[in-house]
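A.B. asks: Its first residue numbered 364, the sequence shown is counted upward by one per residue in our numbering.
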Amino acid sequence: VGSLEYSTDLFNPSSARRMVEHFTTLIDSIESEPRTPISQLRILTREEEHRMVHEWNATRAPFRDDARVEQLVAEQAAQSPDAVALICGQDEVTYEVLWREAIQVANYLRRCGVGSGSRVGIFMGRSRRILSALLGTWAAGGVYVPLDYESPAERIRFMVEDADVAAVLTEERLADRLPAGKRRVVCLDAEASAISREPGKAPCVLAAPEDAAYILYTSGSTGKPKGVVVSHRSVVNYLTWVNSVLFASPPHLLPATTKITFDASLKQLFAPLLRGEPVWLIPEEVVADLGELARAIGQHGDFALNCVPGLWSALLDTFTTGEFESSGRLKRLLIGGEELNAELLERTFAHFPHLEVWNLYGPTEATANATAQRLRPGEAISIGRPVANSAARVLDTSGQLVPVGVVGKLHIGGVCVANGYWNRPELTAERFVPDRFAERPAGRLY
Numbered sequence: 364v365g366s367l368e369y370s371t372d373l374f375n376p377s378s379a380r381r382m383v384e385h386f387t388t389l390i391d392s393i394e395s396e397p398r399t400p401i402s403q404l405r406i407l408t409r410e411e412e413h414r415m416v417h418e419w420n421a422t423r424a425p426f427r428d429d430a431r432v433e434q435l436v437a438e439q440a441a442q443s444p445d446a447v448a449l450i451c452g453q454d455e456v457t458y459e460v461l462w463r464e465a466i467q468v469a470n471y472l473r474r475c476g477v478g479s480g481s482r483v484g485i486f487m488g489r490s491r492r493i494l495s496a497l498l499g500t501w502a503a504g505g506v507y508v509p510l511d512y513e514s515p516a517e518r519i520r521f522m523v524e525d526a527d528v529a530a531v532l533t534e535e536r537l538a539d540r541l542p543a544g545k546r547r548v549v550c551l552d553a554e555a556s557a558i559s560r561e562p563g564k565a566p567c568v569l570a571a572p573e574d575a576a577y578i579l580y581t582s583g584s585t586g587k588p589k590g591v592v593v594s595h596r597s598v599v600n601y602l603t604w605v606n607s608v609l610f611a612s613p614p615h616l617l618p619a620t621t622k623i624t625f626d627a628s629l630k631q632l633f634a635p636l637l638r639g640e641p642v643w644l645i646p647e648e649v650v651a652d653l654g655e656l657a658r659a660i661g662q663h664g665d666f667a668l669n670c671v672p673g674l675w676s677a678l679l680d681t682f683t684t685g686e687f688e689s690s691g692r693l694k695r696l697l698i699g700g701e702e703l704n705a706e707l708l709e710r711t712f713a714h715f716p717h718l719e720v721w722n723l724y725g726p727t728e729a730t731a732n733a734t735a736q737r738l739r740p741g742e743a744i745s746i747g748r749p750v751a752n753s754a755a756r757v758l759d760t761s762g763q764l765v766p767v768g769v770v771g772k773l774h775i776g777g778v779c780v781a782n783g784y785w786n787r788p789e790l791t792a793e794r795f796v797p798d799r800f801a802e803r804p805a806g807r808l809y
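(1) With three or more beta-carbon pairs closer than 8 angstroms as the criterion, would you say the stretch 585-595 touches the stretch 467-478?
(2) Distance check for P572 and E793, CA to CA, integer angstroms please.
(3) How far does the beta strand (DSSP E) with G776 in it reach, from first residue to last?
(4) Out of D680, L696, L790, S745, point me to the one whose CA is closest to N704's CA.
(5) Under 7 angstroms Cβ to Cβ from V650, same chain only, skipping five residues before and after it: list those, please.
(6) With Y724 as the anchor, note down where its beta strand (DSSP E) starts and where it stops.
(7) Three-state secondary structure (DSSP) at G590?
(8) Alpha carbon to alpha carbon, how far is L616 from M382? Give it in angstroms, no decimals.
(9) In three-state DSSP terms, what is L352?
(10) So L679 packs on H717, CB below 8 angstroms; how close in whole Å?
(11) E535 and D552 - do their beta-carbons sit closer together than 7 angstroms?
(12) Around the C-beta of K772, are 16 or more other C-beta atoms found within 10 angstroms, so that it is buried, or is it exposed?
(13) Going by C-alpha distance, which of S370, D372, R409 is nearest L389?
(14) Consult DSSP for E455 and reduce its assignment to one of helix, strand or coil.
(15) Can you name the residues that DSSP bridges to L579?
(16) Could you check if Q631 is buried or exposed, using at least 16 other CB atoms within 10 Å of its CB as the buried criterion?
(17) In the DSSP output, which residue or residues are listed as bridge partners for V669?
(18) With distances taken from CA atoms, which of R692, R492, E742 is nearest E709?
(19) Helix, strand or coil for V548 per DSSP?
(20) E561 to C567, Cα distance in whole Å?
(21) For E641, count neighbouring C-beta atoms within 10 Å of its own C-beta (all shown protein chains included) and say buried if the count is 16 or more, exposed if not.
(22) Note down, in chain order, each residue of its chain lying with its Cβ closer than 8 angstroms to the Cβ of P726, except the 5 sequence neighbours on either side.
(23) Which residue marks the beginning of the alpha helix (DSSP H) containing R658, and which one marks its end?
(24) Mapping the DSSP letters down to three states, classify F521 as helix, strand or coil.
(25) Going by DSSP, what residue range makes up the beta strand (DSSP E) through V483?
(26) Name the residue from T624, V591, L602 whose alpha carbon lies nearest to the alpha carbon of R638.
(27) What three-state label does DSSP hand G563 in the structure shown?
(28) Within the chosen definition, does the stretch 445-456 reach the stretch 471-485 through at least 3 CB pairs nearer than 8 angstroms?
(29) Three or more beta-carbon pairs under 8 angstroms between the stretch 485-493 and the stretch 450-464, yes or no?
(30) Identify the residues that DSSP records as bridge partners of A469: which are they?
(31) Does the beta-carbon distance from N786 to S594 come in below 7 angstroms?
(32) Alpha carbon to alpha carbon, how far is V599 from G544?
(33) Using a Cβ-Cβ cutoff of less than 6 angstroms, which residues in the same chain neighbour D665 once the five nearest sequence positions on both sides are dropped?
(34) How about P749 and F712: are their beta carbons less than 7 angstroms apart?
(35) Relative to the C-alpha of M415, which residue among P766, A667, E647 is closest?
(36) Looking only at its chain, what residues have a beta carbon closer than 8 angstroms to the beta carbon of I406, apart from the 5 residues adjacent to it on each side?
Structure follows, in structure tokens:
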């Protein structure tokens with residue numbers, strides 16, 4: 364016989380009841396498994412474990428798990444060749460033209476020695492050629508490695524050499540910023556005439572969905588930058604979730620303001636193409652000027668916006684002046700990349716009481732976003748629940764599930780988990796661990 368006495372200032376009755384259940388479960392575990400190490404003994408009830416492992420991670424959703432993004436774009440081009448695929452300043456590019464240009468880039472890359480699995484650096488600004496460069500790299504069987512031309516020369520050199528890129532796609536104005544080397548440098552503008560003579564038939568490439576789609580390098584703030592390898596299957600799953608959840612209803616227009624060195628660019632550049640809608644590229648000089656950006660983003664009607672809290676806070680200050688009519692056309696806000704604080708959320712709803720706001724969370728190792736939460740006025744901020752075909756588990760240092768209210772480390776599983784780190788097998792083994800709770804035997808947790 365026993366009893367639990369607790370302070371009602373600190374605990375509610377349900378929490379105290381759970382503690383009793385955990386204690387009795389622990390006693391049962393000790394009795395039935397006396398030789399098991401303490402760290403491995405059961406503390407959660409069967410019902411709790413089932414709820415955490417299965418009910419809270421019931422995220423299964425259909426997606427084209429046998430496809431790659433460029434294949435899906437090719438299907439859109441075949442279905443709606445005359446539809447607008449890209450808006451960039453005054454330029455509009457149709458799906459037919461975009462796909463033809465991408466295939467010509469792919470064939471040109473093959474002629475330059477790029478084969479299946481070859482890494483291709485993308486050293487470009489947000490020009491109309493950026494999409495054909497990315498899609499062309501995939502169509503050639505390559506893996507794109509985004510390079511920021513504003514980064515220090517040493518970081519660019521490290522990524523180019525570490526990824527062992529076979530070629531770099533760039534523009535003539537940026538080519539002299541690339542480190543010297545034997546790799547092929549292709550200036551898409553200067554070599555446009557030669558590229559345009561390439562055949563419009565896609566090369567035969569035998570890349571599998573589990574093969575690498577891109578290698579995105581982390582900031583290196585905790586040491587040497589790491590190249591995160593993300594598969595085509597992960598990207599297709601993610602974009603399918605973006606379109607079915609975040610863009611389940613209008614508006615669908617999303618200005619692309621993020622550099623390709625950040626994985627937020629996936630939803631801005633590729634999700635519209637899988638819907639058969641246009642990608643709207645905002646030039647760098649416009650993004651760099653808050654006033655110009657505020658004027659530009661509402662010029663095509665109702666729109667959604669995806670940005671980090673810092674940029675949104677600055678834009679919100681700009682919108683509250685009442686100078687920009689575009690603010691009234693903002694209907695959906697997708698916040699990610701940094702922690703969202705309550706004060707900014709309150710300001711947001713004060714100015715946009717009917718705005719649809721999503722808080723998106725996820726490391727590069729989990730293909731952009733691993734969890735998401737629709738935020739509403741008066742509710743607490745949360746990173747939400749796992750996205751489609753993904754899982755989120757809070758574990759202790761022994762890899763055991765922790766009870767509700769107990770601090771642990773977040774582990775992310777499912778289709779969204781990256782293949783690992785490029786050429787870092789020891790670190791990959793350390794950070795990408797087996798998921799003993801997964802339905803599939805090969806499941807991993809980051």
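From the three backbone atoms N, C-alpha and C, an ideal C-beta is built for every residue, glycine too. Everything numeric in this text was worked out from a predicted model, so none of it was measured.
C.D. replies: To lay it out plainly:
(1) no
(2) Position 430 of the sequence shown, counting from 1, holds the residue named residue 793. Position 209 of the sequence shown, counting from 1, holds the residue named residue 572. E793 and P572 have their C-alpha atoms spaced approximately 25 angstroms apart.
(3) The count along the sequence shown starts at 1 and reaches residue 776 at position 413. Boundaries of the beta strand (DSSP E) harbouring G776: 772-777, taken from the DSSP string.
(4) Here residue 704 is taken as the residue at index 341 of the sequence shown, counted from 1. Among D680, L696, L790, S745, the Cα nearest to that of N704 is on S745.
(5) Your numbering for residue 650 matches position 287 in the sequence shown. Only T620, L656 meet the Cβ criterion.
(6) The count along the sequence shown starts at 1 and reaches residue 724 at position 361. Start and end: 719-724.
(7) For this step, residue 590 is matched to residue 227 along the sequence shown. It is a strand residue.
(8) Your numbering for residue 382 matches position 19 in the sequence shown. Your numbering for residue 616 matches position 253 in the sequence shown. The alpha-carbon atoms of M382 and L616 are separated by roughly 49 angstroms.
(9) In the structure displayed, the chain extends from 364 to 809; residue 352 sits before or after that span and is not available.
(10) Locating residue 679 in the sequence shown gives position 316, where the first residue counts as 1. Locating residue 717 in the sequence shown gives position 354, where the first residue counts as 1. Contact flag wrong, Cβ pair sits at about 15 angstroms.
(11) Numbered from its first residue, the sequence shown carries residue 552 at position 189. Numbered from its first residue, the sequence shown carries residue 535 at position 172. A contact, by the Cβ cut-off of 7 angstroms.
(12) Looking up residue 772 in the sequence shown gives position 409. When all chains shown are included, K772 counts as exposed.
(13) On the sequence shown, position 26 is the one that residue 389 refers to. Nearest C-alpha to L389: R409.
(14) By 1-based counting over the sequence shown, the position of residue 455 is 92. Strand at E455.
(15) Taking the sequence shown and counting its residues from 1, the one referred to as residue 579 is at position 216. V591.
(16) Mapped onto the sequence shown, residue 631 falls at position 268. Q631 should be labelled buried.
(17) Counting from 1 along the sequence shown, the entry for residue 669 is found at position 306. Reading off the sequence shown, one finds Asn at residue 669, where the question assumed Val. Partner(s): L697.
(18) What you label residue 709 is simply residue 346 of the sequence shown in a count that begins at 1. Of R692, R492, E742, the residue nearest in Cα terms is E742.
(19) The residue labelled residue 548 in the question sits at position 185 within the sequence shown. Secondary structure of V548 (DSSP, three-state): strand.
(20) On the sequence shown, position 198 is the one that residue 561 refers to. On the sequence shown, position 204 is the one that residue 567 refers to. Straight-line Cα distance between these residues: approximately 15 angstroms.
(21) By one-based count along the sequence shown, residue 641 stands at place 278. The question names Glu, yet the displayed sequence has Pro at residue 641. Buried.
(22) Numbered from its first residue, the sequence shown carries residue 726 at position 363. Cβ neighbours of P726 beyond the five flanking positions: A733, I775, Y809.
(23) Looking up residue 658 in the sequence shown gives position 295. Taken as a continuous stretch (DSSP letters only), the alpha helix (DSSP H) holding R658 covers 653-659.
(24) Taking the first residue of the sequence shown as 1, we reach residue 521 at position 158. Three-state DSSP puts F521 in a helix.
(25) Residue numbering aside, residue 483 sits at position 120 when the sequence shown is read from its first letter. Where V483 is concerned, the enclosing beta strand (DSSP E) stretches over 482-486.
(26) On the sequence shown, residue 638 is found 275 positions in, with the first residue counted as 1. That would be L602, whose Cα lies nearest to the Cα of R638.
(27) Residue mapping note: residue 563 aligns to position 200 of the sequence shown, counting from 1. Coil, per DSSP.
(28) no
(29) Look at the beta carbons and you see the stretch 485-493 touching the stretch 450-464: at least three pairs across the two are nearer than 8 angstroms.
(30) Taking the sequence shown and counting its residues from 1, the one referred to as residue 469 is at position 106. Paired residue(s): none; A469 is not in a bridge.
(31) Taking the first residue of the sequence shown as position 1, residue 786 is located at position 423. Taking the first residue of the sequence shown as position 1, residue 594 is located at position 231. No, these two residues do not count as a Cβ contact at 7 angstroms.
(32) Position 236 of the sequence shown holds residue 599. Position 181 of the sequence shown holds residue 544. Each residue's Cα considered, the two are about 34 angstroms apart.
(33) In the sequence shown, the residue the question calls residue 665 occupies position 302. P614, R692, K694.
(34) Residue mapping note: residue 749 aligns to position 386 of the sequence shown, counting from 1. Residue mapping note: residue 712 aligns to position 349 of the sequence shown, counting from 1. No. Outside cutoff.
(35) On the sequence shown, position 52 is the one that residue 415 refers to. Checked all of P766, A667, E647; the closest Cα to M415 is P766.
(36) Numbered from 1 along the sequence shown, position 43 holds the residue referred to as residue 406. Correct list, in chain order: H385, T388, L389, S392, Q763, P766.
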